[in-house]
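Numbering (the working numbering), first residue to last: 159 to 464.
Below: one structure, written as structure tokens.
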């Protein structure tokens, strides 16, 4: 199982990096191969200071250990003490232009091999989500339409299920607000068996570039001022807060002894926090929270796919 997943994930990393380089036009990814002291290693790629992307990270990892960390067994106590392997591709893109949204995606596979009389356990997880600084309905609709199309071949129930999970997961409880406009998120997926679960995970991974790149192309040349730039840096603070407080992948990586530099590649290069600041009522900045961050059905006017 792990060899098939590894082959796909390495190819996925290649194709995503190629698509992002083409859209940027100038920036190129540099590659960093690494080994983990805890077991395994990975291939981290970073594009920095491109024409479009201020920072983009696309990382592959294949790590293993002898005992699962607490973040992995909190809801699965029967797995405590089991050896494990985890493979994944994770990416975060921080654009330069405030009108281009930040985006995140990951596809991961977890396997706990048999131990004694216990059976082996596996599951897939992942998805993709969009974090705009200035909201555009056509971008959100395109994003969710692509997400729905990706999982439609596996049944009409998967898009609303994964969308709801995404809305619930990417939520900053201490702020009482969503991180962005959502997308797809799934975890512990093994109910379809290995082959179909893997096919669904591949469909989600392959849909990322078709979901994100048209939005980047549409917004990357939009003129902006320092006002929009400062708001972008302010909203990036929410992204940092979520990743350091709630993100399961970040917690798992740090608790399992993973490579810190690669785990924290998701953080933006520049960010700001302003005490007690709120946007002016009716402004474009206020519209982000008022009109876009509340979870909603972006495809409500469209007939469901079968």
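Backbone N, C-alpha and C define an ideal beta-carbon position, used for all residues, glycine too.
Just so we're clear, the structure is a prediction, and the values are computed from it rather than from any experiment.
Review point. Within this structure, are the beta carbons of residue 411 and residue 344 separated by less than 8 Å?
Key: As a first step, residue 411 is located in the chain shown; it is residue number 253 there, counting from the start. As a first step, residue 344 is located in the chain shown; it is residue number 186 there, counting from the start. No; because the gap between Cβ atoms is not below 8 Å, this pair is not in contact.
Open item on the list: Would the segment 427–447 count as touching the segment 219–226 if we require 3 or more Cβ pairs under 8 Å?
Closed with: With contact defined as three or more Cβ pairs closer than 8 Å, the segment 427–447 and the segment 219–226 are not in contact.
task = Can you grab the Cα-Cα spacing for the pair residue 453 / residue 401, in whole Å?
result = Translated into the one-based positions of the chain shown, residue 453 becomes position 295. Translated into the one-based positions of the chain shown, residue 401 becomes position 243. In this model, residue 453 and residue 401 are separated by some 20 Å (Cα to Cα).
Would you say residue 203 and residue 181 are within 8 Å of each other, going by their C-beta atoms?
Taking the chain shown and counting its residues from 1, the one referred to as residue 203 is at position 45. Taking the chain shown and counting its residues from 1, the one referred to as residue 181 is at position 23. It is not a contact, given that the beta carbons lie outside the stated cut-off.
query: Quick one: what's got a C-beta closer than 6 Å to residue 451's C-beta in the same chain, skipping five residues either side?
result: Stepping through the chain shown from its first residue, residue 451 is reached at position 293. The residues 335 and 336, in chain order, have a CB closer than 6 Å to that of residue 451 in the same chain once the five nearest residues on each side in sequence are set aside.
Requested in this report: Hey, could you find the ends of the alpha helix (DSSP H) residue 365 is sitting in?
Outcome: The residue given as residue 365 occupies position 207 in the chain shown. Unbroken alpha helix (DSSP H) run through residue 365: 351–377.
*Between the C-alpha atoms of residue 193 and residue 165, what's the straight-line distance to the nearest angstrom?*
Position 35 of the chain shown, counted from the start, is the residue given in the question as residue 193. Position 7 of the chain shown, counted from the start, is the residue given in the question as residue 165. So the two alpha carbons sit approximately 18 Å from each other.
Fill in: 6 Å CB neighbourhood of residue 262 in its chain, flanking five on each side removed
Here residue 262 refers to the residue found at position 104 when the chain shown is read from its first residue. Around residue 262: 250 and 287.
Beta strand (DSSP E) containing residue 343: first to last residue?
Reading the chain shown from its first residue, position 185 is the one you call residue 343. It spans 340–347 - the beta strand (DSSP E) in which residue 343 sits, taken as one unbroken run.
**Message:** Please return the same chain residues whose Cβ sits closer than 6 Å to the Cβ of residue 258, not counting the five positions on each side in sequence.
**Reply:** Against the chain shown, residue 258 aligns to sequence position 100. Cβ within range, chain order: 374, 377 and 378.
Practice problem: Please state if the CB of residue 168 and the CB of residue 118 are separated by a distance shorter than 8 Å. | Solution: Shown here, the chain extends from 159 to 464; a query on residue 118 therefore has no answer.
(Q) Assuming the contact rule is C-beta atoms closer than 8 Å, residue 196 and residue 414 should be a hit. Round their C-beta distance to whole Å, please. (A) Locating residue 196 in the chain shown gives position 38, where the first residue counts as 1. Locating residue 414 in the chain shown gives position 256, where the first residue counts as 1. Yes, they are in contact, since the Cβ atoms of residue 196 and residue 414 sit about 6 Å apart, within 8 Å.
Worksheet entry | Reduced DSSP category for residue 210 - H, G, I as helix; E, B as strand; rest coil | For this step, residue 210 is matched to residue 52 along the chain shown. In the structure shown, residue 210 falls within a coil segment according to DSSP collapsed to helix, strand and coil.
(Q) Output needed for residue 323: all residues of its chain with C-beta closer than 7 Å, excluding positions within five of it in sequence on either side, in chain order. (A) Counted from its first residue, the chain shown places residue 323 at position 165. Taken in chain order, the residues that qualify are 343 and 344.
query: Going by beta carbon distance, what residues of the same chain come within less than 6 Å of residue 191, once the five residues before and after it are set aside?
result: The sequence position of residue 191 within the chain shown is 33, counting from 1. Cβ neighbours of residue 191 within its own chain (closer than 6 Å, five residues either side excluded): 201.
Handout entry: Inter-residue CB distance, residue 173 and residue 420 (contact presumed, cutoff 8 Å)
Key = On the chain shown, position 15 is the one that residue 173 refers to. On the chain shown, position 262 is the one that residue 420 refers to. In fact, because the Cβ distance is near 20 Å, the residues do not count as touching under 8 Å.
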